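Student: Protein chains in written order, with my numbering: chain A, 1 to 214; chain B, 1001 to 1277.
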Amino acid sequence: MFKPAHEAASRPARLSARRFRSSHAGPFDFEVEAGACVVIQGPSGAGKSVLLRMLADLDPHEGEALLDGAPAISMPPAVWRARVVYQPAEPAWWEATPAAHFDDAQLEDARAHLAQLGLRPDILDDDLQHLSTGERQRLALLRSLSRKPQVLLLDEPTAALDPDGVARVETLLRAHLADGLTILMVSHAPEQARRMASQTWRIDAGKLAGRLAP
Amino acid sequence: MKETVHLGLLDLATASALILLDAGISFALRLGVHRQVLVSAARMVVQLLIVGLVLRVVFAGASPAATLAVVLFMIGAAANEVALRPKQRLARLGNHRISALVVSAAGVATVILALLTAIRPDPWYAPRYAIPLMGIVLGSVLNAASIALDGVLDGAVRERARIEARLALGATFHQAIGPVLREAVRRGLIPIVNQMSAAGIITLPGIMTGQLLAGMDPMEAVKYQILLMFLLAGASGVAAVGAALLGARAISDGRQRLRVDRLRPAAAKRKPAGTRA
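1) Answer with buried or exposed for Gln129/A, where buried requires no fewer than 16 other C-beta atoms within 10 angstroms of its C-beta.
2) Compute the Euclidean distance between the alpha carbons of Leu1101/B and Arg83/A, then round it to the nearest angstrom.
3) Classify Tyr1125/B as helix, strand or coil using the three-state DSSP reduction.
4) For the beta strand (DSSP E) containing Leu1228/B, name the first residue and the last one.
5) What is the DSSP secondary structure of Gln1088/B, reduced to helix, strand or coil?
6) Measure the C-alpha to C-alpha separation of Gln150/A and Gly69/A and round it to an integer number of angstroms.
7) Which class does Gly1052/B belong to by DSSP, given the choice of helix, strand or coil?
8) How would you call His1006/B, buried or exposed, if buried means at least 16 neighbouring beta carbons within 10 angstroms?
9) So, at 6 Å on beta carbons, what are the nonlocal neighbours of Ile183/A in its own chain, with the 5 sequence-adjacent residues on each side left out?
10) Only counting runs of 3 or more residues, tell me where the beta strand (DSSP E) segments fall wholly within the stretch 44–112 of chain A, in order along the chain.
11) Quick check on this structure: which residue in Ile1019/B, Ala1165/B, Ile1025/B and Gln1195/B has the alpha carbon closest to the alpha carbon of Ala1042/B?
12) Closer than 7 Å, CB to CB, is Gly1094/B near chain A or not?
13) Just reading off the beta strand (DSSP E) that Val151/A is part of, what are its end residues?
14) Are the C-beta atoms of Asp225/A and some chain B residue less than 7 Å apart?
15) Taking the alpha-carbon positions, what's the Phe28/A to Arg111/A distance?
16) Determine whether the beta carbon atoms of Ala1240/B and Leu1189/B lie at a separation below 7 Å.
17) For Pro12/A, tell me which candidate among Asp104/A, Ser49/A, Pro71/A and Asp59/A has the shortest Cα-Cα distance.
18) Is the separation between the beta-carbon of Met196/A and that of Val39/A shorter than 7 Å?
19) Judging by CA-CA distance, which residue of Arg14/A, His24/A, Gly45/A and Arg81/A is the nearest neighbour of Ala34/A?
20) Along chain B, which residues have their Cβ under 8 Å away from the Cβ of Pro98/A?
21) How would you write the range of the alpha helix (DSSP H) that Asp1011/B sits in, first residue to last?
22) Output, in chain order, the set of chain B residues within a Cβ distance shorter than 8 Å of Leu58/A.
23) Could you run through the stretch 1193–1226 of chain B and flag, in chain order, every residue whose CB is less than 9 Å away from some CB of chain A?
24) Hey, does Ala65/A have any beta-carbon neighbour from chain B nearer than 7 Å?
25) How many Å lie between Leu124/A and Asp103/A at the Cα?
26) Would you please state the rounded distance, in angstroms, between the beta carbons of Ala1028/B and Val1037/B? I believe it to be under 8 Å.
27) When DSSP labels each residue in this structure, what does Arg1259/B get in the three-state scheme?
28) Note down, in chain order, each residue of its chain lying with its Cβ closer than 8 Å to the Cβ of His113/A, except the 5 sequence neighbours on either side.
29) List the whole-angstrom C-beta distance separating Ala1287/B from Val1152/B, where the pair is believed to meet the contact cut-off of C-beta under 8 Å.
30) Check this for me: beta carbons of Gln106/A and Ala140/A, under 7 Å apart or not?
31) Sorted by chain position, which residues of the same chain lie with C-beta nearer than 6 Å to Gln1225/B's C-beta, five sequence neighbours on each side aside?
32) Can you pull the chain B neighbours of Ala92/A, defined as C-beta to C-beta under 8 Å?
33) Check the DSSP bridge columns for Leu15/A and list the partner residues they point to.
34) Using a Cβ cut-off of 7 Å (strictly closer), state whether Pro71/A contacts chain B.
35) I'd like to know whether the C-beta atoms of Ser132/A and Leu66/A end up nearer to each other than 7 Å.
36) Quick one: which chain A residues come within Cβ less than 9 Å of Ala1171/B?
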């Protein structure tokens, strides 16, 4: 129906955005390859979370986002959001225990990674109200990964963690990056950008103010 | 039917002494509500007298047009009340559009069903039957629809993080709003369920009381009441489900997003005329 903006012969990028904007942020134009990790920095209220929410198609916007060249509007919203998963800074839970948020196959997947994130083996059946913020944040990451997304949009995924927890999460994320997962991550920690980023973006006043490839 | 009790002006005047008693209590105990008691009593008398006069004219004429006008007025008043009760308001008079549709559909369908099957007056739209029936059905519809609409709109605001968490992980809007929707319908049905359980034991329903006072045989009055309760239950169900579903649809869009940006909290007090939000 249309030609990609870049060379028609090349494979389309994993995630791309064109004239992507809302009344709060944009326009954004970018392409991110499979296996890339973009760390997004910038002052509070600059539009970082707005961009992630728009990419997950949770907020109304203009322009288009594409996954492997296929525009979001070409697939049902639930399908897009399962492939481009957004995890907010304070992930919400709607059942009493972590386990109730997974189906059987997803639960096995999550259980296999508990130890790697420094979580107790029986934590999945605990009452969520009794878990610490850091535990819930790590469980939310397992929940996001269990949906097997192609793009993961993370809003400050390690904000509630101690240095050991941060290192464990980053190790897990690096393994998924190596398997081809694309990550866009909002982070306020410059060291995290140095450790994780294949490119660093700076968003200021709703605009992409700078891109830096290390 | 046995002889009907006829009230004279003197009887009403005697009973009105009780209003003066209320006012006296307020005055003696310095409750400060005597003015309100007297004003609301006077208002009640005037309102009911107007209704009585209008109904007398409409009943006597038995004209379809007059009956329709009264019914439409009642539906409009009930729909307006349903729209204004929820704590959240949809943009562009969304509450009013939903309530007009739900109240008229549930009210008209139930009343016509009753008139054509159980009661069968001649003609079927005879105002003596259609108008009181519509009144009592609308009372239940009003409760069920306003509670369900409030449940879905306010629930969506309160549960926003949870609903969006499910959406973000690939749930459909229907799945994500499901718990809020079910709770809203359930709450909308509570009044009629309570009313049915309490009927006859804790309360004598108003219609039945009226018929007994007017001299009707108790078993006949009871049968009327049972029929009425079934009608009210059906109308409440339709109204609660309709209001909840339309409310849920109004806070979503073509991309199955949760659009709480279309909601505004209802102002605690009405703004002065001429100002707009």
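We put the CB at the ideal spot given by N, CA and C, even for glycine.
Bear in mind the structure is a predicted one, so any value in this text is a computation, not a measurement.
Tutor: In short:
1) Here Gln129/A is exposed. Its C-beta has fewer than 16 other C-beta atoms within 10 Å.
2) Taking the straight line joining both Cα atoms gives about 38 Å.
3) coil
4) It is not in any beta strand (DSSP E) - Leu1228/B instead sits in the alpha helix (DSSP H) that spans Pro1218 to Ala1250.
5) strand
6) 13 Å
7) When DSSP states are grouped into helix, strand and coil, Gly1052/B belongs to the helix group.
8) exposed
9) Cys37 and Leu152
10) 62–67 and 84–87
11) For the set Ile1019/B, Ala1165/B, Ile1025/B and Gln1195/B, the Cα lying nearest the Cα of Ala1042/B is the one of Ile1019/B.
12) no
13) Val151 to Asp155
14) For chain A, the structure presents residues 1 to 214; residue 225/A sits outside this window and is missing.
15) 38 Å
16) yes
17) Pro71/A
18) yes
19) Arg14/A
20) Ordered by position in chain B, no residue passes the 8 Å Cβ test against Pro98/A, which lies about 13 Å from the chain.
21) Leu1009 to Ala1028
22) The answer, in chain order, is Glu1164, Leu1167, Ala1168, Arg1257 and Leu1258.
23) So the list is empty, because no residue satisfies the distance condition.
24) no
25) 12 Å
26) Going by Cβ atoms, the distance from Ala1028/B to Val1037/B rounds to 13 Å, so no, they are not a contact pair.
27) coil
28) Leu142, Leu145 and Leu172
29) The structure shown does not extend to residue 1287/B, since chain B is modelled only from 1001 to 1277, so the question has no answer here.
30) no
31) Counting only Cβ-Cβ distances below 6 Å, and skipping sequence neighbours, we find Pro1205 and Met1208.
32) Ala1161, Arg1162, Glu1164 and Ala1165
33) Val32/A and Leu67/A
34) no
35) no
36) Ordered by position in chain A, the residues that pass the 9 Å Cβ test against Ala1171/B are Ala78, Arg81 and Ala82.
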